[in-house]
Every structure is written in C-alpha cells, then in structure tokens.
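Numbering (the working numbering), first residue to last: 425 to 583.
Structure (structure tokens):
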C-alpha cells in the first residue's frame, strides 16, 4: 500500500534514539527539580518573550538556555519519527491500526485535559498542560505498538 504521509522505515531507529533519552531526561529533571539552565546559554532570536511580572518584548535577541528547547525538539521529532515511520509490511490493516490508535490517543488525551481543567489548579495545572503537549504522541506510540504486538502474537499463534 502506498502511503505518502509516512517517513521512511529507517527514521524509526533515529526516532527512538532521539525520543528515549530526551523523554528520560525530561522525567528526571521534572522529578528531581534539576535543570540544565546553567548550560547551553546563548543568544537567540525571540519572536516573543517576557520577563517575570515584567514587560513583553517582540522580535528581539535574548540570552537564553536552549537546553529545554533541545530536549523538547528531540522529543517531538523523535516521537513523530517513531509513530509515523513506515513499517516493513505497511498494508491496509496496519493503516487501520495506525488510524484507530491515533483517534484513541486523541480521545484519551482530551479526556485527561478535561479532567485536569476541572480538578487541577495552580502551577500544577500549568505543568499538566506542558506534559499534555506530548501525551497525544506518547499515547499513540504506546497504543500503536501494543496493537502491533497483539497482531504479531495472534499471527504467531495461528502458525
């Protein structure tokens, strides 16, 4: 089956190499409260930035630690490569599993977001919303690969 929107197969390995270390680092820094802000500080162009309880600036250069941006970019790019790389045998059944996994991930993600909106407050809510940027992709990857595992297991049981 010809799919135009999937990455080549080799991108999945690259995706895992980007996603896993960045995801583990993000969890580590979240749990420990650690930071890489003292490292990787450089001048960057900012479309918009603001100071804490201060003025908002547009279209200017600021000094900023780019460690957060590097980790987030690695997670996004890696997750996209893992979730949307072509499989060896990409057929209609795999496309159906991919589609259903993506829809399921969106539903679960927004259910969690709705729950958080109603029951979580303050800065913790802000942290949940930050994590929520990645949970759709994470839920999709988990669900898709779990369904592939079940498919392969049932195919192996038939032999």
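Each residue gets a CB set at the ideal place from its N, CA and C atoms; glycine is no exception.
The structure presented is a predicted model; accordingly, all values stated were derived computationally and were not measured.
| Item | Value |
| --- | --- |
| In chain order, which continuous runs of the alpha helix (DSSP H) of length 4 or greater are located wholly inside the stretch 542-582? | 547-582 |
| Please classify residue 483 as buried or exposed, where buried requires at least 16 other C-beta atoms within 10 Å of its C-beta. | exposed |
| Taking C-beta to C-beta, are residue 509 and residue 435 nearer than 7 Å? | yes |
| Identify the residues that DSSP records as bridge partners of residue 472: which are they? | 482 |
| Anyone know if the C-beta pair for residue 487 and residue 473 falls short of 7 Å? | no |
| List the whole-angstrom C-beta distance separating residue 588 from residue 440, where the pair is believed to meet the contact cut-off of C-beta under 8 Å. | Past the edges of the chain, shown from 425 to 583, lies residue 588, and the structure says nothing about it. |
| Out of curiosity, what's the CA-to-CA distance linking residue 544 and residue 556? | 13 Å |
| In whole angstroms, what is the alpha-carbon distance linking residue 493 and residue 521? | 32 Å |
| Excluding sequence positions up to five away, which residues of its chain have a Cβ less than 8 Å from the Cβ of residue 504? | 431, 439 and 561 |
| What did DSSP end up calling residue 487 once you bin it into helix, strand or coil? | strand |
| Under 6 Å Cβ to Cβ from residue 528, same chain only, skipping five residues before and after it: list those, please. | 567 |
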